[in-house]
Amino acid sequence: MKRLFKRLVACIAIISVAATMGITAFAQTEMDNMVFAGYDTTDPYNPNRIYNEVINGSYTNKQVLVPVNPTWSAEGYERTYPYAGYDRMYLDGKKQSITRYNNMFPQWETRRRDYMWEIKSPYVIWERQQTKVNNKKWTWDFGNDAFSIPDSVLKTKTCRTAYVVDISMKEYGFGPYNKSGALLNAYQQRMYSDFSVNAISKWEEAKKNLTPEKLSARNSENNTYVMSDHDIAALIPVVYSKYVTAKFNEKGNAGLTTKSVAEEYLIHMNDGWEWDYDSFCIRNDARISWTAPSYEMAEPYNYYQYLIVNGIVLDGTNGKDMIFRYTGGKASPKITWKFAFFQNAKDANGNIIDSVYEVVERKYVDGVAAVDANNNPVYRVPTGEYGNTYFKLNGNMIEYWVVDKAGNRTLLSKVENWTGNLGGLIDSYISGTIYCGSGNVPAQKYKELP
332 MKRLFKRLVA CIAIISVAAT MGITAFAQTE MDNMVFAGYD TTDPYNPNRI
382 YNEVINGSYT NKQVLVPVNP TWSAEGYERT YPYAGYDRMY LDGKKQSITR
432 YNNMFPQWET RRRDYMWEIK SPYVIWERQQ TKVNNKKWTW DFGNDAFSIP
482 DSVLKTKTCR TAYVVDISMK EYGFGPYNKS GALLNAYQQR MYSDFSVNAI
532 SKWEEAKKNL TPEKLSARNS ENNTYVMSDH DIAALIPVVY SKYVTAKFNE
582 KGNAGLTTKS VAEEYLIHMN DGWEWDYDSF CIRNDARISW TAPSYEMAEP
632 YNYYQYLIVN GIVLDGTNGK DMIFRYTGGK ASPKITWKFA FFQNAKDANG
682 NIIDSVYEVV ERKYVDGVAA VDANNNPVYR VPTGEYGNTY FKLNGNMIEY
732 WVVDKAGNRT LLSKVENWTG NLGGLIDSYI SGTIYCGSGN VPAQKYKELP
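Take the sequence shown: its position 444, counted from the start at 1, is 775 in the working numbering, and no numbers get skipped.
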């Protein structure tokens, strides 16, 4: 059977059955009721026409495949080297989305031109082949695995060197951070290791002297900081990466580009390139500044500042270190306490006193909810304020509430009222007394208020 049937109607055989319902009025051929549905190219080397049988406007569950001979027409060349020619399949003159190589290759003009220069001194120039595609546009040629063409046959190392316009060192980051303040990823850390850049270990050493105690220490004579910004900068390892600007020739700007060793290395670290190992350096020239003073939420409300290194605020966010100093000043914020919740009062022995509820208040500093050093809310109790309890009927629920004199209230508990017939028929109502037919009230019907 054909591949299409194997895929779509496996194990179904098509059988011709002679009509047994009488003699047909007109003689028919096998294909008279077959309607063309398209082409089967599941086996592109053996395509078929697909037919469905339709009688009286309905499918009959019968299909037929009829072999069709394809024709091939040369269509063009691929867009990549070696620009192989290909044919396209046509079935009954209709274009199909099937192509094949035809072993034709264009005889377009080729040439070699300067393509790049190495980022390692002495910045040797490499050439690469170009092809004048369609005899109109010069295009760079690259290797093609489909034709077993390595890229090395299309590029050549010359004996010429690039003309260097400028070599400079530019900031890459400091310590374990890049210049945007993000922690170095695994590839960047590998780069530091490969180039023997020990900025991360130097940063860990520097932090031993960047504690709040050392940064906040002040001279007794003039009350200035013992550790100046210059002293701090001398501790911080700032990493610089080499940038090279060069071109192919002294005249003109062909090949003019600026390359960063760090950026190129992160792209080509596994490509076998050679590198200058003086491409990185560490300098102790960080730009030091401080955030505007803020004050702590805890007494005595000391003012502090976060360290800023090369524009990066070291405030502990996004994985950064928290480095700060106290200014020696103290703020005088407005302190308020606001109701937070009720809690059970206890006696001197720590036992809960029934039905006595203390008011607990939370601290606010200049309107901001205060937290302690562990970022926990700051509460106070006793406050001298207590809540009073009361019952409230809410539908069929009896609720037990506590409220203070400011109107702050909390639902302590609730219980459902009992409704229904207690043991029998109700005979009569006299003076508000309920008489039950049975005279007994089951014990489980009682409800106990809190």
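Even for Gly, the Cβ is constructed at its ideal location relative to N, Cα and C.
Residue i to residue j span [Cα, whole Å]
| i | j | result |
| --- | --- | --- |
| TRP403 | PRO413 | 21 Å |
| GLU440 | PRO507 | 52 Å |
| ILE765 | TRP749 | Since pLDDT at ILE765 reaches only 39, below the 50 mark, its modelled position is unreliable, and the value read off the structure follows with that caveat. The straight-line gap from Cα to Cα measures roughly 14 Å. |
| TYR390 | VAL366 | 10 Å |
| GLU544 | ARG656 | 7 Å |
| LYS665 | TYR632 | 11 Å |
| TYR370 | ASN400 | 11 Å |
| ARG380 | GLU406 | 24 Å |
| GLU747 | SER686 | 20 Å |
| PRO708 | ALA700 | 7 Å |
| GLY681 | LEU724 | 33 Å |
| VAL385 | THR360 | 14 Å |
| ASN434 | VAL464 | 18 Å |
| ASP374 | TYR382 | 17 Å |
| GLY416 | ARG444 | 25 Å |
| GLN519 | MET447 | 25 Å |
| TYR695 | ALA662 | 14 Å |
Residues near residue i by beta carbon distance below 6 Å, same chain, minus five either side
| i | result |
| --- | --- |
| TYR721 | TRP732 |
| ARG618 | ASN641 |
| LYS590 | ILE450 and VAL575 |
| ILE643 | GLY512 |
| PRO713 | GLU689 |
| TYR760 | Only weak support is given to the placement of TYR760: the predicted model assigns it a pLDDT of 43, under 50, and the question is left unresolved by the model. |
| PRO437 | TYR408 and TYR414 |
Residue-level contact to chain B via CB, residue i, 8 Å cutoff
| i | result |
| --- | --- |
| ASN727 | Reference to chain B is not applicable here, since this structure consists of a single protein chain. |
For residue i, the residue or residues it bridges with in DSSP
| i | result |
| --- | --- |
| SER282 | No information on residue 282 is available, as it lies outside the stretch 332 to 781 that the chain covers here. |
| ASP497 | THR576 |
| LEU743 | In the DSSP output, where bridge partners are listed per residue, LEU743 has none listed. |
| TRP471 | GLN461 |
| GLU502 | TYR571 |
| ASP418 | ALA405 and ARG431 |
| ASN509 | GLY504 |
| GLN674 | GLU689 |
| ILE386 | SER389 |
| LYS785 | It is not possible to answer for residue 785, since the shown part of the chain is limited to 332 through 781. |
| PRO708 | VAL702 |
| LEU396 | ILE381 |
| ASP445 | GLU458 |
| SER305 | Here the chain comprises residues numbered 332 to 781, so residue 305 is not present and cannot be evaluated. |
| ILE683 | LYS677 |
| THR492 | VAL455 |
| GLU730 | LYS723 and LYS745 |
Backbone secondary structure at residue i - three-state DSSP
| i | result |
| --- | --- |
| PHE722 | strand |
| THR648 | helix |
| TYR376 | coil |
| ARG521 | helix |
| TYR596 | helix |
| VAL484 | helix |
| PRO631 | coil |
| ASP371 | strand |
| ILE450 | coil |
| LEU546 | helix |
| ILE531 | helix |
| ASP363 | coil |
| GLU716 | coil |
| LYS582 | coil |
| GLU605 | coil |
| GLU536 | helix |
| ILE563 | helix |
| PHE436 | coil |
| PHE655 | strand |
| PHE329 | Because the chain here runs from 332 to 781, residue 329 falls outside it and cannot be looked at. |
Close-in-space but distant-in-sequence residues of the same chain around residue i (CB under 8 Å, 5 per side omitted)
| i | result |
| --- | --- |
| ASN550 | TYR556 and VAL557 |
| ILE684 | ASN675, ALA676, LYS677 and ASP678 |
| ALA564 | ASN615, ASP616, ALA617, ARG618 and ILE619 |
| TRP621 | GLN636, TYR637, LEU638, ILE639 and ARG656 |
Same chain, Cβ closer than 7 Å to residue i, five either side skipped, listed in chain order
| i | result |
| --- | --- |
| ASP646 | TYR637 and MET653 |
| ALA737 | PHE670 |
| THR372 | PRO378, GLN427 and ILE429 |
- [ ] Tell me, please, whether the segment 687-696 touches the segment 660-672 by the rule of three or more beta-carbon pairs shorter than 8 Å.
- [x] The segment 687-696 makes contact with the segment 660-672; the number of CB pairs closer than 8 Å reaches 3 or more.
Open item on the list: Within 8 Å, do at least three Cβ pairs link the segment 417-435 to the segment 480-498?
Closed with: These segments do not touch.
Open item on the list: Under 8 Å: do the segment 488-504 and the segment 564-578 share three or more Cβ pairs, one atom per stretch?
Closed with: yes
Open item on the list: Can you confirm whether the segment 441-456 touches the segment 600-612 when touching is taken to mean that 3 or more C-beta pairs between the two stretches lie within less than 8 Å?
Closed with: yes
Open item on the list: Measuring CB atoms only, is the segment 499-518 touching the segment 557-572, in the sense that at least three cross pairs come out at less than 8 Å?
Closed with: yes
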